[in-house]
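The sequence shown finishes on residue 1889 if you use the numbering used here, and the numbering steps up by one all the way, no holes.
Have a look at the structure below, then the notes.
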Amino acid sequence: MSTYDVTVIGSGPGGYVAAIRCAQLGLKTAIIEKYNTLGGTCLNVGCIPSKALLDSSHHYHDAVNHFEKHGIETTGVKVNFKQMIDRKAEVVAQTSGGINFLMEKNKITVYQGFGSFKDATHINIASDGKTETIESKHTIIATGSKPSSLPFIKIDKKRVITSTEALSLTEIPKHMIVIGGGVIGLELGQVYNRLGSQVSVIEYMPKIIPTMDSMLSKELQKSLKKQGIKFFTGHKVTAVNTDGNEVVITADDKKGNPVEFKGDYCLVSVGRKPYTDKLGLENVGVKVSERGQIETNEHLQTNISNIYAIGDVIKGAMLAHKAEEEGSMVAEIIAGQKPHIDYNLIPGVVYTWPEVAAVGKTEEQLKEEGVNYKVGSFPMRALGRARASMDIDGQVKVLAHADTDEILGMHMIGARAADMIAEAVIAMEFRASSEDVARSSHAHPTYTEAIKEACLAVAGRAIHS
Ligand code: FAD
Ligand code: NAD
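Here it is, written out as structure tokens:
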């Protein structure tokens, strides 16, 4: 029987990073993946394919709507949707292939098969009707998540779909009705809106991206509405029915009156749920919460001391970079080190255009916690860089402690906010004050000048607004 110091179940960004870090630390490591491609949700049906389609559709949108203004005349620009989907598949294949390379480079044994616990130190791997058992001193559960739905919705994967199907459609929908105005609904809603679909977003809460700072919800909804997406916030979906190629959705509006939506596709994007099906947790007694999340302590250790869990399958933000940080951390803990993650500083990003990015506390949270804070904000339209590229929507908002000036949160919407948020994370990791950032030179002309200006604005001394 093969024996390992560490076995990782699941090869998503949590699992494969954990495996690489274990191998770097000299631990004999194996990874088990049920699919025949590595990389999990993120690489195969999540982060990477969605960004590939966002980029392709953005190019098309620019060609149709902005090129002329830039002095570029085009005729006959049209979408080859099959090519767009094929390119996305190529990007996914390249990226997943890269993980195979990294496994080989780090001498990690890859098992393709379904992993389940036989007991706390033995794992069965089922593949092609055969089962092999391996022995492992430690196991890291990184089995990720699956799309969740509403109890009355039947996901038929043809007309009533999840993000997985929306990333591989064979036609551009005429009218896509999106249930859930969160990250997936807005990113994929924007893809299809740019490609010519009518897109209607039905959101239960009074605002879209409801957990983010209200400024971001408001600004993003304004921008996306301008681009043609229709929003129905405060609407409670009560039924989803299909009739041939038509999907009929009924919902109660803000006043409780029933309204009907008819489209050819319905994307259900109301969140994701942890995935632990047939993992054999009952064979070892690993505790799972009411929400299906594997319970861990602050060392990401389950109630069984040699079994750890990371990523989407445990509590916290369902984000690839959160899973990656946890993957590294758990490997280092197993190797006897004492790493730490500041969960307050895991950034959240929505890759729409304008992009939305945030880190730290929202204004609503600071109010609720009774923290005395100051606000500085700066509009993108006041930046020379933004006018040069015609990306003038959005703003940066900085929240700093009223007494110490320490930055407590940064919330931005605008071009390249997804990349700019790294500056905020680093500043906050080093517990910078808004004055520290305001006094740091930012290259001109760049979008990052909005961060400097927003920090200057905390002290009421922005230069360009
Ligand atoms: P996963 O990536 O879900 O990987 C788990 C792996 O475990 C899977 O490959 C699964 O097959 C395997 N597995 C499960 N059970 C077993 C078993 N018993 N035996 C063997 N293998 C098993 N996050 C971001 O940060 N940025 C983004 O831009 C982003 N975009 C997204 C877009 C979409 C459409 C979706 C759906 C998600 C997106 N996410 C994004 C979220 C991100 O994909 C997840 O947070 C991330 O993949 C979680 O990583 P993980 O390693 O915990 O699990
Ligand atoms: P989400 O939690 O971001 O959004 C779900 C939305 O659905 C929320 O706004 C919620 O209020 C709404 N909702 C819930 N029940 C509803 C109902 N009955 N009717 C109408 N609306 C309802 O979830 P998601 O968009 O499905 O994404 C799942 C996970 O994947 C998220 O945790 C997210 O972090 C991750 N993800 C991240 C990225 C990124 O980082 N850019 C991109 C895609 C997905």
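Glycine included, C-beta positions come from ideal geometry on N, C-alpha and C.
Computed from a predicted model, the values in this text were never measured in an experiment.
C-beta atoms of residue i and residue j nearer than 7 Å
i       : j       : result
Lys1570 : Asp1688 : no
Asn1530 : Ile1444 : yes
Gly1568 : Thr1662 : no
Ile1831 : Met1852 : yes
Ile1608 : Val1692 : no
Glu1556 : Ile1547 : no
Thr1776 : Glu1559 : no
Gly1680 : Ala1566 : no
Ile1564 : Ala1442 : yes
Gly1613 : Ile1673 : no
Val1683 : Ala1675 : yes
Lys1678 : Gly1658 : yes
Ser1481 : Val1615 : yes
Arg1583 : His1485 : no
Ile1765 : Glu1749 : yes
Arg1809 : Thr1870 : yes
Met1636 : Ala1782 : yes
Residue i Cβ short of 6 Å to the ligand NAD heavy atom set
i       : result
Pro1634 : yes
Met1836 : no
Tyr1628 : yes
Met1742 : yes
Gly1605 : yes
Gly1680 : no
Arg1583 : no
Gly1962 : With the chain running from 1425 to 1889 in the structure shown, residue 1962 is simply not present.
Arg1696 : yes
Ile1601 : no
Val1534 : no
Asp1661 : The displayed chain sequence assigns Val, not Asp, to residue 1661. Yes.
Val1773 : yes
Ile1875 : no
Ser1693 : yes
Ile1608 : yes
Closest by C-alpha distance to residue i, when choosing among the options
i       : options                            : result
Glu1722 : Ile1816, Ser1801, Trp1777, Ile1757 : Ile1757
Met1508 : Thr1461, Gly1740, Ser1592, Ala1550 : Ser1592
Gly1800 : Lys1746, Glu1859, Ala1759, His1745 : Glu1859
Gly1436 : Val1430, Lys1458, Met1425          : Lys1458
Leu1478 : Ile1496, Asp1701, Gly1495, Val1515 : Val1515
Val1671 : Gly1784, Lys1542, Lys1578, Ile1718 : Lys1578
Gly1500 : Asp1510, Arg1511, Ala1487, Lys1512 : Ala1487
Ser1572 : Asn1727, Tyr1699, Gln1448          : Tyr1699
His1494 : Asn1669, Leu1526, Arg1811, Asn1460 : Arg1811
Val1410 : Met1814, Val1754, Thr1828          : There is no way to answer for residue 1410, as the model of the chain reaches only from 1425 to 1889.
Ser1540 : His1482, Met1636, Gly1434          : Gly1434
Met1629 : Leu1648, Glu1793, Gly1605, Ser1713 : Gly1605
Arg1841 : Val1861, Ile1728, Val1820, Gln1761 : Looking at the sequence shown, residue 1841 is not Arg but Ala. It is Val1820.
Met1639 : Gly1463, Met1844, Gly1833          : Gly1833
Pro1575 : His1835, Thr1726, Val1694, Gly1522 : Val1694
Leu1769 : Gln1645, Arg1855, His1483          : Arg1855
Arg1805 : Pro1778, Glu1793, Leu1790          : Pro1778
Nearest-angstrom beta carbon gap, residue j and residue i [assumed within contact, 8 Å]
i       : j       : result
Phe1685 : Ile1601 : 5 Å
Val1780 : Glu1611 : With a Cβ gap of about 10 Å, Val1780 and Glu1611 do not count as contacting.
Cys1446 : Val1469 : Incorrect: roughly 26 Å between the Cβ atoms, too far for contact.
Gly1784 : Ala1741 : Actually they do not touch by this definition, with Cβ atoms about 13 Å apart.
Ile1731 : Ala1544 : 7 Å
Phe1802 : Ala1886 : 6 Å
Gly1704 : Lys1542 : 7 Å
Pro1473 : Lys1512 : 5 Å
Residue i: CB within 6 Å of a non-hydrogen atom of the ligand FAD
i       : result
Pro1869 : no
Thr1776 : no
Glu1749 : no
Ile1433 : yes
Glu1457 : yes
Ala1513 : no
Asp1736 : yes
Cys1879 : no
Leu1703 : yes
Thr1427 : no
Cys1466 : yes
Phe1541 : no
Thr1555 : no
Thr1519 : no
Cys1471 : yes
Gly1658 : no
Thr1567 : yes
Ser1587 : yes
Any non-hydrogen atom of the ligand GDP closer than 6 Å to residue i Cβ
i       : result
Leu1574 : Summarising the ligand content, the structure contains the ligand FAD and the ligand NAD and does not contain the ligand GDP.
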